[in-house]
Amino acid sequence: MDLSGTENRKLDSQLSYGVSALSFFTRYYIQSLLVVSVVILAAVNPYFRTLGNLENILLQASFAGIGAAGMTLLIVSGAFDLSVAGLLGLCGVLISELLPSLGVVLTVLTGLLFGLLLGLLNGLVVTKLRIPAFIATLGMMNIYLALAFIWTQGSRVISVEDASFNTLGTGTVFGVLPIPFVIMIATYLLCYGILNRSVYGRCLRAVGSSEIAARTAGLPVDLIRILAFAIVGGCTALAGVFLTAELSSASAIMATGYELTVIAVVVIGGTSLRGGAGTLFGSFAGALFFAVISSALNILNVGAYWQYVVTGIFLISALGVQALRSYILVE
Amino acid sequence: MSNSLELLNLRSIFSVSNATRLIQVAESLGVFALLMIVVIGASIIAPGFFTYTNLTNTLITASITAVTGLGMTFAIAMGGFDLSVGSIQVLTAIVAAGLLSIVDAPLAILGAIFTGLALGLLNGALISKLRLPAFVVTFGMMSIVRGIALLVTQGQSVMITKHIEFGLLNNGKILGLPVPFIIMMLVFIVLSLLLKHAPFGRHACAIGGNRAAAIVSGINVDRVTIAVFGLVGVTAAISGVMLSSQLMIVDATLGTGFELQAITVSVLGGTSLSGGHGNLVGTVFAALLLATIASALNILNVTAFYQYLALGVLLIFALAIDTARRTFIAKSLLSRA
Amino acid sequence: MEEIWALFLSRSESSAGRPHVRPLCHYDHYLSCRPIPPGSWPRRLRLRTEQTSYQEPILSLTGISKQFPGVKALDDVDFSLFPGEVHALMGENGAGKSTLINIISGLLHPTSGKICLAGEEVILTSAIQAQKVGISTITQEFNLVPELTVAENIFLGREPTVQIGLLDWREIKRRASQVLNELGLNVPLGQRVAYLSVGDRQLVEIAKALSMEFRIIMMDEPTAALNAAEVARLFEIIERLKQRGIAVLYVSHRLREIFEIADRVTVLRDGKRVDTRRLDGLTEDDVVTMMLGRALKKEAAVYQAIPVTEKAALSVKNLTAPGFVTDISFDLHVGEVMGCAGLVGSGRYELTRALFGLLRISGGEVKINGRLVPLTSSNDAIRYGIYMLPEERKIEGIFPDLTVRENLLISAQRLFRRFSELLINADDEEKRYEGMRNSLDIRASSSGQKITKLSGGNQQKVMLGRALVSNSRILLLNEPTRGVDVGTRVEIHAAIRRLAQGGYAILVSSSDIPELVSVSDRCLVLSAGRTKGLLDRAQISEDNITALAIGQEITGDNQ
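Residue numbers (our numbering), protein chains in the order written: chain R, 1 to 331; chain Z, 1001 to 1337; chain X, 2001 to 2559.
Okay, structure coming up:
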C-alpha cells in the first residue's frame, strides 16, 4: 500500500503522538499509578498524610520489595519460584532459634547463607531434574513449610527477645526512613547493577530471551539459572530477617501468600513473564504501590480480606496491560 | 448406525503393538503397584488401618481429592492447568453451606456447582480470549476467589444446621460403599467417556499434544479451552460440596494446598505435564495412594506436617520420573531411526 | 550473476565424457538389491503408468508474482497441474520453489496473478481454507498429534459420531482401514503416532489427506528423512494416488527420484519458470542444465587423501551422531578453509552441531591439536576452542530482547572465568563493537539498538561477528552469508580467507555452492549422513560439488 500526500502524513504524525503517549503510559504505568494514588489518598484522607503512616508504608513495602528484587532477576531469566513463602518461614525460624546463641551479626549472616543454599537447592531441582520451575518450586514450598512446621512442632511461634535485633525492624535512619527500606534501596541498586551492568546479568537476559540461542552461543545455561534461584533465596532470607525483627517472632506460616505478593509486584511493575527484559524500577514502584493500597484499605476500614481480591485483580489486569503494550508495539 | 450399547463395551477393538501396550499398562500399573505396597505396608505397620471405619474415611478423603484431580487431569491433557481449584473448592463449599439455610439440598448443590462452573468459564475466557498465560491467570484467580470467600464469610465459620440430610452425601452408603466414592466413580466414568470417546476430549488432547496441528485441523481451540476450564470448575465445585457435607461446618481457610494435591495426583497417576494425554485411572489410584499415606501417618500419630513433606517429595519424585520417561522415549525413537 | 560466478569459479574446461550414472538398485525389489546392468543409461527405472489425460487442469496458476521488500521471489510464473499426474518442481535454493509452494498452500498471498482450481478462480486466504478447497501440503513438520492414535489423527476435527455424541469407533475403524488398505499401509490403527517411525508418520499424513478427499497433494522433500525401503514404499503409494486421480506436486532436489516417479517437471530459476517438460526423453543432465542455466560439466575426479604434513587443528575420526551422521572423518588444519556441502537431510548442519557439543556423539573421536576432547556441551566446546555459527538465526541465533552490541559480544568472554571480567566495561565493548562494525559493515543506528530492528542481512553480520570475537580458533560457520547482499558477501568471503591466514581453522557449511567454491581450500560433501567425497583444491568446482551432493557418482578411470 502506498501512502502519499500531506493528508496522510499529518494523520501519521498525530497517530504517532498518540502511540508514543500510550506507549509511555503503558511502560511507566505503575509509577504513574503510584503517584496518582498517593496524591489522591493524601488529598482525601488526613491520616494518610501523617509521617507515621508514610513511614509504615515504606516499612511494609520493603518486605515484599526485597524479595521482589531477586524475583525480578529470576523472572527475567525465564523461571519462577513459588517456594518463597516456605523459604522465608524456614529462614525466619532458623534465625529466631540461632539468635540467642550466635548474636545478631552472625545470625543474620547464617540466615542469608541458608537462604542462598535453599535457593541453590531449588535451582538444582529445576535444572538437573528438568522439572518445570513453577511446579518444582510448588513442591519445594510444601517441603520447606513442612520442615518449618516440624521444627516448630506445629505453629508454635518463636519469640525474639533480642532488642538490638529487633531494632533492625523498627529502627530508622535519619529518623524517617525505616532500616528495612534503606536496605531495600541498597538491594535494588545491587540488583540493578547485576542485571544491567554485569556480564552475568547479560547472560541472565539472554537465557530468558531465548534459551535455545543461549545454548547455541555456548552459555552455561544451567549455572546461570541455578545462580538466579540462589539470588532469590538470598533476597527472601533478607526479607525474612527484617520480617522476623519487625514481628519480634517467627513461625512457619509467617509469610503465607508471600509468593503471590512478590510475583504480583514484579508483574505489575512491568516485567514480562516471558523473560528477557525486566525493570527493577518497576518492581520497586510496584512494591510501594501495594503497600499504599493496603494502607488505604486499612484506613478506609475496608476489610483485610479485600487484599486478596485486590492483589489478584491487579495481577490479572497488569497482564492485560502488558498484552496491550505488545499489541501497540506491533501496530 | 451402530449400537450404542456396543460402544459402552470399553474393550479395545484395535490391535496395538506389544511395546505400546506394555508402556500404557505400565503407566497405570506403576501407581497401582505402589498403592498396593503402601496399603499392605500400612495394614502391617499401623494397627487399626484395616478397619471398616478407617477404610471408609480413607476412601472418602481420596474421593474428594480424586474428583478435582480428574478434572485437573483433563486440563493438563489439554496443556493447561488450574491453580485456583483450591479456592473454588472452598468458595463452593461455603455457597453450598450458606444456601442450605435458605433452600433444600438439591438446589444448594446446584447453586454451588453453578458457581464453580461460572468461575471455571471465567478462567477459560481470560486464558483463551485475552491470550493470558494460564499459570498467572489461575494464580490471580486463586487469590481473588479466596478473597471473595473471606469477604462472604467475614472470617466466620458457616455451620450447616438446616437440611442436615445433606450430610448423607458423606455418610450414606450405596451397596456398602460410601456415597462420595460412588460420586467419584460417576465422575470418573463421565470424564473417561468424554476424554477417550468423545470428539471434545480428543480435541482437548490434540490441543495439548500439538496445538498447531489442532488449529490446522479446524478445531476451535478457544471454545475447547473455555469448556475444559469450565469442567475443572465443576469438578472443584463437586469436591467443595463433598467437603462441606463431610465437615458440616466450613470456613474460608479450608482448601489451601488443594491445587497442589490435585496436580500431584494427576502427575503421579501418569499424566505428563507436556500434555496430549490424560491417565484418569492413574489419577484415581494416586488419590487413593495419597489418602492411604495420610491415614496411615495419622494412625501412627505422626505429625500432620510430615504429610506436607511427603506430598512435596512425592510431587518432585513423580515429575522427575515423568521427565526421565519422556527423555527415554525420545532417545529410543531416535536410535530406531 | 554470471560475472560474479566467473570471479569465483575455478572452472577447468576439461571436457568429460558422458558420465556414467550408477543408481542404487532397482527399487521394485528393494528387499533384494539387484543392480541394474551397466550400459542401460539413460532410462527410467520403472515403467510409469500414465494416469492423466491432460485435459482439464485441476490447478492452474497464471502470471503469479511475489514481491518481497527488496527481492522479487517469483516473476510471472505460469503453472498447471493435471489430475492423476505426478509433477515435479525443481530449482536451486532461492529459485522460488518454497515461495510457490507457500502460495499454493495458502500461507502466502501472491502480489499478482490468478489461481484457478478446476477451472474456477479461487483466492487462498489461509492454510485452513486451502485445505477446505482440496489442497493438502505435507511438509517436514508433520501436522500430527503424537499422543493420539493413527485412527484419531486421520479423523482429527471431523470425527464421525453416534447419536449421543460419542465417537463412532466402528465407522472410524472401517474408514481408516479402508484408507490404509488403499495405501497398503500396515500400521495398527490403535498405535500412538509418537511410536511410529518417520516414514510411517508420513504415510499417516498421506492417509489423512486421502480420507479428506483431497484433489491435490503437495510433498515438500518427502524423502529427506526416509531410508531406501521407505522411499520405495512411498513411491508405490504415490502410484496408487495417481490411480485415484489425485494430482501430486513433488518438490525435491533429488534427480534420481524425480526420474523414477514424476511425469512432468517444472524448473524454476531466479523466480522465473524456465520450462515444463515431460520426463520422457529427458536426461538428468538436461534437467540440471535447466536449473543452472548452463551445462553441467563434470570432470574425472580422482580422490586423493591430503597428506598430513602438520598437526591438524581439528581431527575427526569415524564420528557418528545417531540418527543424523555416520562415520565422518576429516582433518582441518590451521590456515585452511574447508567447505562442507550437502542437500537437505545430508547431515551437514548436524555435523557442526555435534562438533559443538550440541548433539550426542555415539561413536568416533574428536581431537583438537592432537588432544582427545569430550564434547558434551557447548560450554565445553568453547573451552576447547571451537565456536559454531548456527543456521537459523531467528530461532537459535539472535536474542530478540538484547541490543546489537550485546548480541555481538555475548560469547566474547566465558562467564566467571576471570574476576576482572565480572562487570561490563562499556568503553572496551564499544571499541570491539566498532571494530566489528567496520570490518563487516553492519548497518545499525547505534550499538544500543534492539537487534530485531536490523535487517536480516545485518543480523547475519552480527551473528558472524559474534563468532569472530569468540576467541575460538576453530570456527564452524553455517550459512555465513545467508541474507547478505552480494557486495558484502564478497567482503565476508575475503574476511574468512584472511582469518584462515591469520591462524584460524574454518569449516564453512553452506547450501550456496558458489560460496563454497569461492572460499574453500578443500570441500567435504555429505549425502544422507555420510561422506560422499572430499574434494581438494583442484577438484573444487560448482559442477563437481553439485554432482556429488545430488547423489551422482563422479567416476574416473579408476572406477
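All C-beta atoms in this analysis are idealised placements derived from N, C-alpha and C, irrespective of residue type, glycine included.
Of all C-beta pairs linking the stretch 2105-2116 of chain X to the stretch 2261-2278 of chain X, fewer than three are shorter than 8 Å, placing the two stretches out of contact. Between the stretch 2374-2385 of chain X and the stretch 247-260 of chain R, the count of Cβ pairs shorter than 8 Å is below three; the stretches do not touch.
Three or more beta-carbon pairs separated by less than 8 Å are not found between the stretch 104-118 of chain R and the stretch 130-137 of chain R, which leaves the two stretches without contact.
In the displayed model, alanine 1198 (chain Z) falls within coil according to three-state DSSP, outside both helix and strand. Ranked by Cα distance from aspartate 81 (chain R), the first of R:Ile131, R:Gly154 and R:Tyr17 is R:Ile131. Per DSSP, the beta bridge partners of asparagine 2478 (chain X) are X:Ser2509.
Judged by DSSP secondary structure, phenylalanine 2330 (chain X) falls within the beta strand (DSSP E) whose first and last residues are 2325-2332.
Spanning the alpha carbons of leucine 59 (chain R) and threonine 110 (chain R) requires a straight line of approximately 23 Å. When DSSP states are grouped into helix, strand and coil, methionine 1141 (chain Z) belongs to the helix group. Counting other Cβ atoms within 10 Å of its Cβ, aspartate 2401 (chain X) reaches 16 or more and is therefore classed as buried. As the crow flies, the alpha-carbon of valine 1187 (chain Z) is around 11 Å from that of isoleucine 1064 (chain Z). Leucine 223 (chain R) belongs to the set of residues whose beta carbon lies under 9 Å from a beta carbon in chain X. Within its own chain, the residues whose Cβ lies closer than 6 Å to the Cβ of tyrosine 188 (chain R), once the five positions on either side in sequence are excluded, are Ala69, Leu280 and Phe284, listed in chain order.
A residue is called buried once 16 or more other Cβ atoms fall within 10 Å of its Cβ, and alanine 1237 (chain Z) is buried on that count. Each of X:Ser2329, X:Arg2383 and X:Glu2392 was checked against the Cα of glycine 2364 (chain X), and the nearest Cα belongs to X:Ser2329. Leucine 260 (chain R) places its beta carbon 9 Å or farther from that of glutamine 322 (chain R). DSSP places asparagine 1301 (chain Z) outside both helix and strand once states are collapsed to three, so it counts as coil. Nearest Cα to isoleucine 1189 (chain Z) within the set Z:Val1284, Z:Thr1327 and Z:Leu1315: Z:Val1284. Taking 9 Å as the threshold, the shortest C-beta distance from arginine 202 (chain R) to chain X falls below it.
Glutamine 2459 (chain X) does not reach chain R, its nearest Cβ partner there being about 12 Å away, counting only Cβ pairs nearer than 7 Å. Selection X:Phe2416, X:Val2287, X:Arg2201 and X:Gly2106 evaluated against lysine 2132 (chain X) yields X:Gly2106 as nearest (Cα-Cα).
At a cut-off of 9 Å between beta-carbon atoms, phenylalanine 134 (chain R) makes contact with chain Z. Per the coordinates, the alpha-carbon of glycine 119 (chain R) lies some 43 Å from the alpha-carbon of valine 44 (chain R). The contact set of glycine 2503 (chain X) on chain R, defined by CB atoms closer than 9 Å, is empty, because the minimum CB distance reaches about 21 Å. With respect to serine 1272 (chain Z), arginine 1326 (chain Z) sits close: the two C-beta atoms are nearer than 9 Å.
Within the stretch 2418-2436 of chain X, the residues whose Cβ lies closer than 9 Å to any Cβ of chain R are, in chain order, Glu2421, Leu2422, Leu2423, Ile2424 and Ala2426. Annotation: the continuous alpha helix (DSSP H) that includes isoleucine 224 (chain R) extends over 221-247. Contact note: serine 326 (chain R) does not reach chain X at a C-beta cutoff of 7 Å; the least C-beta distance is about 12 Å. Judged by pairs of C-beta atoms under 8 Å, the stretch 1064-1084 of chain Z touches the stretch 1205-1213 of chain Z, as three or more such pairs exist. In the structure shown, the three-state DSSP call for alanine 277 (chain R) is coil. Among the residues of chain X, those whose CB is under 7 Å from the CB of isoleucine 212 (chain R) are Ile2395 and Glu2396, following chain order. Under the 8 Å Cβ criterion, the stretch 210-225 of chain R does not count as touching the stretch 94-105 of chain R, having fewer than three qualifying pairs. Here the C-alpha atom of isoleucine 231 (chain R) lies approximately 14 Å from the C-alpha atom of valine 262 (chain R). Taking 3 residues as the shortest admissible run, the stretch 2241-2267 of chain X contains the following complete beta strand (DSSP E) segments, listed from N- to C-terminal end: 2247-2251.
Contact residues of the stretch 2398-2414 of chain X toward chain R are Ile2398, Phe2399, Pro2400, Asp2401, Leu2402, Glu2406, Ile2410, Ser2411 and Gln2413 (C-beta to C-beta distance below 7 Å). As DSSP reads the structure, arginine 2371 (chain X) sits in a beta bridge with X:Ile2368.
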